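Protein chains: 2
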Amino acid sequence: MQRLLLTMRFDGTRYHGWQVQKNAVTVQQTLQDAIEKVTGVRSGVTGCSRTDAGVHANMFCCTFDTESRLRGNSMISALNANLPDDIAVYGCSEVPASFHPRYSAVGKRYRYYIWNSPARNPFWEKYSLHLRWHLDVDLMNEAAAGFLGRHDFSSFCAAGSSVKDTVRAINRCSVERDGELVVFTAEGDGFLYNMVRIMVGTLLEIAAGKREKDCIPSVIAAKNRECAGATAPAKGLFLDKVFY
Amino acid sequence: MQRLLLTMRFDGTRYHGWQVQKNAVTVQQTLQDAIEKVTGVRSGVTGCSRTDAGVHANMFCCTFDTESRLRGNSMISALNANLPDDIAVYGCSEVPASFHPRYSAVGKRYRYYIWNSPARNPFWEKYSLHLRWHLDVDLMNEAAAGFLGRHDFSSFCAAGSSVKDTVRAINRCSVERDGELVVFTAEGDGFLYNMVRIMVGTLLEIAAGKREKDCIPSVIAAKNRECAGATAPAKGLFLDKVFY
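From first to last, the protein sequence lines stand for chains H and C.
To convert, note that position 175 of the first sequence is 347 in this note's numbering; the numbers rise steadily by one, no gaps.
To convert, note that position 115 of the second sequence is 287 in this note's numbering; the numbers rise steadily by one, no gaps.
As structure tokens, this is what we get:
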């Protein structure tokens with residue numbers, strides 16, 4: 173038995189997130205189907221994070237244990253031939269049985285894209301939130317610095333989450349403009365359920381003048397989901413990188 | 173009557189090109205339907221170029237004459253509300269009746285994208301040619317310089333084209349790499365039918381070692397379509413900019 177670590181991209185539009193669910197197509201299930209076709213054996217796949225329905229990934233990592241002797245590009249090509257166009261594996265390496273794609277990760281980077289223009293963009297339709305009113309990116313970037321550091325982020329965790337330890341460290345948090353595209357980037361040792369989307373939703377309320385620029389520390393201190401902003405839509409969110 | 177110039181983006185995947193055809197959905201027809209819904213009148217729309225089935229546009233220009241008093245963002249919003257997700261208007265301005273989106277253009281820029289990696293990329297699937305073997309971009313870029321200047325490009329024009337004047341001037345032609353993405357850019361006063369796709373196909377045969385690096389001038393001099401390379405697939409091609 174060998175544990176293999178797969179690195180993949182997926183367009184989450186058609187999927188009900190990563191994790192296998194009854195009566196809904198998920199990325200995990202689609203990948204497990206492809207692995208079964210390639211190896212002849214049904215293997216459970218462990219992912220680096222749960223991702224919500226509609227969220228995308230430029231880098232998503234997962235492991236499975238197999239007797240198959242396919243390695244590297246041979247395994248990648250075999251899997252991709254059995255995966256739909258919106259999922260593609262681009263890395264495959266051997267890891268020890270002690271490696272866990274979630275617990276071995278030391279950090280993650282998420283990106284959230286906003287197409288900020290009066291007109292829609294067909295190429296960003298599925299990958300961004302479209303906002304017609306002009307965003308003050310400098311203001312949002314200054315506000316975003318309030319997320320930096322190690323904090324209890326329970327204000328930025330979806331109600332109903334069962335996670336107990338809600339302390340996370342954010343070491344990079346910025347908002348930048350590239351023409352009509354506004355990009356939010358957050359890097360940290362881990363993220364709570366819906367955390368990035370609530371961070372973005374809160375920054376958008378600051379940009380809209382509904383909250384003060386320096387409100388983030390007090391929202392964090394409240395440890396109350398109701399004190400933060402709305403959850404931004406899933407389709408603008410990308411898991412961009414997992415650090416090991 | 174006022175002539176309006178529209179600027180738009182479209183994802184050409186679903187369309188049989190720009191120009192209205194019997195029994196096939198085209199961008200022109202889809203736009204004319206939207207204009208009819210907004211203005212109440214069926215208007216003919218004139219485009220800046222014919223584009224092939226599957227070709228995309230970051231900037232496509234067209235004009236129509238209307239009695240409607242909608243202007244600027246009001247016209248843009250009304251049209252976008254009646255257009256499918258894969259077509260979006262982002263500019264609308266008044267132009268004199270003498271303005272013609274094709275004959276008034278002084279130049280165009282095309283881009284051709286190649287995803288150059290052993291693994292597929294779900295996000296570039298519809299917008300690039302996928303090549304698994306590593307392209308020597310420096311070699312291709314040196315070869316591409318052979319296209320520069322004013323030449324009779326009949327070797328790079330699809331057989332069966334009825335155009336008489338096959339002389340065009342190319343003032344920018346380059347191949348660049350951005351990670352696993354290879355981008356071909358060509359700027360000129362005009363392009364013949366399939367010209368960019370045949371230019372790319374010929375450069376790919378140079379990269380594959382099937383032709384010499386300095387062959388372009390002699391292929392041009394032959395004035396014979398059979399002397400140039402294969403036509404690269406439509407899906408990697410974008411009309412990127414029209415200059416007026």
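For glycine and all other residues, C-beta sits at the position ideal for the given N, C-alpha and C.
Predicted, not measured: the structure shown is a model, and the values here were computed from it.
Item, Value
"Using CA atoms only, rank isn't needed, just tell me which of Ala316(C), Trp287(C) and Ala260(C) is closest to His302(C).", "Trp287(C)"
"Shortest alpha-carbon distance to Ser334(H) belongs to which of Arg340(H), Ser326(H) and Thr374(H)?", "Ser326(H)"
"On the DSSP bridge list, what partners appear for Tyr284(C)?", "Phe356(C) and Leu409(C)"
"Do we get a CB-CB distance below 8 Å when we pair Phe295(H) with the residues of chain C?", "yes"
"With H, G and I counted as helix, E and B as strand and the rest as coil, what does DSSP make of Val372(C)?", "helix"
"Shorter than 8 Å from the beta carbon of Tyr262(H) to some beta carbon of chain C?", "yes"
"Give me the chain C residues within the contact set of Ser289(H), using Cβ-Cβ distance strictly less than 8 Å, ordered along the chain.", "Tyr262"
"I'd like to know whether the C-beta of Asn252(H) is nearer than 8 Å to at least one C-beta of chain C.", "yes"
"Answer with yes or no whether the minimum CB distance from Arg344(H) to chain D is below 8 Å.", "Among the chains of the structure shown, chain D does not appear; the protein chains present are H and C."
"I'd like the list of long-range same chain contacts for Ser276(C), defined as Cβ closer than 7 Å, with 5 residues on each side in sequence excluded.", "Tyr416"
"The alpha helix (DSSP H) spanning Ala316(C) covers which residue range?", "Val309 to Ala316"
"Do we get a CB-CB distance below 8 Å when we pair Arg181(C) with the residues of chain H?", "yes"
"Within 10 angstroms of its Cβ, does Glu453(H) collect 16 or more other Cβ (buried), or is it exposed?", "This structure gives no information on residue 453(H), because the portion of chain H shown stretches from 173 to 416."
"Look at Leu409(C) and Met312(C) and say whether their C-beta atoms are less than 8 Å apart.", "no"
"When DSSP labels each residue in this structure, what does Asp205(H) get in the three-state scheme?", "helix"
"Where DSSP assigns a beta bridge to Cys233(C), which residues make up the other side?", "Thr179(C)"
"His272(C): buried (16+ other C-beta within 10 angstroms of its C-beta) or exposed?", "exposed"
"I need the straight-line Cα distance from Gln174(H) to Val278(H), nearest angstrom please.", "23 Å"
"Determine the burial state of Pro294(H): buried for a count of at least 16 other Cβ atoms within 10 Å of its Cβ, exposed for fewer.", "buried"
"Measuring CA to CA, which of Leu411(C), Met371(C), Leu353(C) and Val309(C) is closest to Ala379(C)?", "Val309(C)"
"Between which two residues does the alpha helix (DSSP H) holding Leu251(C) run?", "Gly244 to Ala253"
"How many angstroms separate the CA atom of Thr338(C) from the CA atom of Leu364(C)?", "7 Å"
"Measure the beta-carbon distance from Ile207(H) to Leu177(H) and round it to whole angstroms, keeping in mind my assumption that it falls under 8 Å.", "Actually they do not touch by this definition, with Cβ atoms about 13 Å apart."
"Return the residues of the stretch 195-213 of chain H that lie within a Cβ-Cβ distance of less than 9 Å from chain C, sorted by chain order.", "none"
"In whole angstroms, what is the alpha-carbon distance linking Asp257(C) and Ala393(C)?", "44 Å"
"Could you tell me whether the Cβ atoms of Lys413(H) and Met231(H) are closer together than 8 Å?", "yes"
"Under the assumption that Phe182(H) contacts Tyr284(H) (Cβ atoms under 8 Å), give the Cβ distance between them as a whole number of angstroms.", "That belief does not hold up - the Cβ atoms of Phe182(H) and Tyr284(H) are roughly 17 Å apart, past 8 Å."
"Hey, could you find the ends of the alpha helix (DSSP H) Val391(C) is sitting in?", "Ile388 to Ala394"
"Name the DSSP bridge partner or partners of Asp350(C)?", "Leu353(C)"
"Give me the residue from Ile370(C), Leu320(C) and Val197(C) with the minimum Cα distance to Ile259(C).", "Val197(C)"
"In terms of residue numbering, what span does the beta strand (DSSP E) encompassing Asp361(H) cover?", "Premise fails: Asp361(H) is in no beta strand (DSSP E) and is neither H nor E."
"Could you check if Trp305(C) is buried or exposed, using at least 16 other CB atoms within 10 Å of its CB as the buried criterion?", "exposed"
"Alpha carbon to alpha carbon, how far is Ala404(C) from Gln191(C)?", "21 Å"
"What whole-angstrom Cβ distance do Ala291(C) and Arg322(C) have, given they're in contact under 8 Å?", "Incorrect: roughly 41 Å between the Cβ atoms, too far for contact."
"Can you tell me which of Glu359(H), Arg186(H) and Cys345(H) puts its alpha carbon nearest to the alpha carbon of Ile388(H)?", "Cys345(H)"
"Looking at the C-beta of Arg292(C), does it have a partner C-beta in chain H at a distance below 8 Å?", "yes"
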